[in-house]
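Notes follow the structure.
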Amino acid sequence: MKTDLRVIKTKENLQNALLHLLEDKELEKISISELCKEARVNRGTFYLHFASVEDLFSHYFQEITEDLRQAYDEPVERVKHRLQDLQPHMIRIFHHVKKFSRFYTIVFNQNSPLMYYYDLLDVIRERLLKSLETDTGVTEKNYQASYAANAVLGIVIEWVTGGYKETVEELNEMILKFSKIY
Numbered sequence: 001m002k003t004d005l006r007v008i009k010t011k012e013n014l015q016n017a018l019l020h021l022l023e024d025k026e027l028e029k030i031s032i033s034e035l036c037k038e039a040r041v042n043r044g045t046f047y048l049h050f051a052s053v054e055d056l057f058s059h060y061f062q063e064i065t066e067d068l069r070q071a072y073d074e075p076v077e078r079v080k081h082r083l084q085d086l087q088p089h090m091i092r093i094f095h096h097v098k099k100f101s102r103f104y105t106i107v108f109n110q111n112s113p114l115m116y117y118y119d120l121l122d123v124i125r126e127r128l129l130k131s132l133e134t135d136t137g138v139t140e141k142n143y144q145a146s147y148a149a150n151a152v153l154g155i156v157i158e159w160v161t162g163g164y165k166e167t168v169e170e171l172n173e174m175i176l177k178f179s180k181i182y
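Here it is as structure tokens:
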């Protein structure tokens with residue numbers, strides 16, 4: 001069943017309004033009234049889709065993490081989980097970050113709580129654990145996945161806080177180069 005275009009537009013308006021408000025305020029300090037005013041929807045419409053501002057954020061965060069999973073999985077599956085066969089043009093993670101750049105700019109500013117970092121880290125780490133081919137034990141594989149996931153997020157944070165100056169292609173080249181060093 002297709003979702004009504006009005007529902008899609010309403011949710012997009014609410015997400016955009018939330019992002020706009022998050023540029024100046026913490027999530028916990030945003031009221032439903034100001035969110036609805038910013039999105040130009042009434043409270044009844046808001047409550048038709050979400051229970052709270054946190055619920056809206058949670059749904060949006062799930063959408064982003066699902067897209068992140070797909071951005072990681074698509075090229076890895078294409079090379080049949082042989083990460084050493086990845087080519088720069090295959091990597092999709094930085095395309096994902098660029099697509100959701102407003103979100104990442106907000107989440108990776110110094111005023112945001114670290115929980116978002118850890119949530120995104122878990123997504124990347126989980127994907128890495130599935131694709132790492134190693135003869136080491138479980139403990140070493142866990143550390144290897146954590147190391148690599150933190151490295152990826154470190155590059156993302158550097159890119160975001162640096163104002164997205166480098167191209168996606170440059171970052172793809174860098175991440176492959178760094179992965180060969182370690």
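Quick note on numbering: the sequence shown equals residues 1 to 182 in the UniProt record's numbering. Virtual Cβ for every residue (Gly too), placed ideally from N, Cα, C.
Taking the alpha helix (DSSP H) that residue i belongs to, which residues open and close that run?
i: Thr105; result: Ser101 to Val107
i: Gln144; result: Val138 to Thr161
i: Arg127; result: Met115 to Ser131
Taking only the alpha-carbon atoms, compute the straight-line gap between residue i and residue j and give it to the nearest angstrom.
i: Thr105; j: Ala17; result: 15 Å
i: Glu166; j: Phe94; result: 10 Å
i: Leu56; j: Ile32; result: 10 Å
i: Val79; j: Ile30; result: 44 Å
i: Thr139; j: Leu120; result: 21 Å
i: Thr10; j: Tyr116; result: 25 Å
i: Glu28; j: Phe61; result: 15 Å
i: Leu21; j: Gly137; result: 46 Å
i: Thr65; j: His96; result: 10 Å
i: Thr3; j: Asp67; result: 19 Å
i: Thr45; j: Ser58; result: 18 Å
i: Phe50; j: Glu23; result: 21 Å
i: Glu169; j: Trp159; result: 13 Å
i: Val156; j: Gly162; result: 10 Å
i: Leu132; j: Arg6; result: 43 Å
i: His13; j: Lys180; result: Correcting the residue identity first, residue 13 is Asn in this sequence and not His. Distance between the alpha carbons of Asn13 and Lys180: 43 Å.
i: Lys141; j: Asn42; result: 50 Å
i: Ala71; j: Asp135; result: 26 Å
For the region 84-97 against the region 136-149, are there 3 or more C-beta pairs whose distance is under 8 Å?
Here the region 84-97 makes no contact with the region 136-149; the two share fewer than three CB pairs at distances below 8 Å.
Just list the alpha helix (DSSP H) runs in the UniProt domain "HTH tetR-type" (8-68), keeping only unbroken ones of 4 residues or longer that don't cross its boundaries, in chain order.
Whole alpha helix (DSSP H) segments, 4+ residues: 32-39 and 43-49.
The region 96-105 contacting the region 124-133, beta-carbon criterion three pairs below 8 Å | No, they do not touch.
- Query: Given 8 Å as the limit, is there contact between the region 64-78 and the region 35-44, that is, 3 or more CB pairs closer than that?
  - Reply: They do not touch, by the three-pair rule.
inquiry  = Three or more C-beta pairs under 8 Å: does that hold for the region 168-179 against the region 108-115?
reply    = Verdict: no, contact absent.
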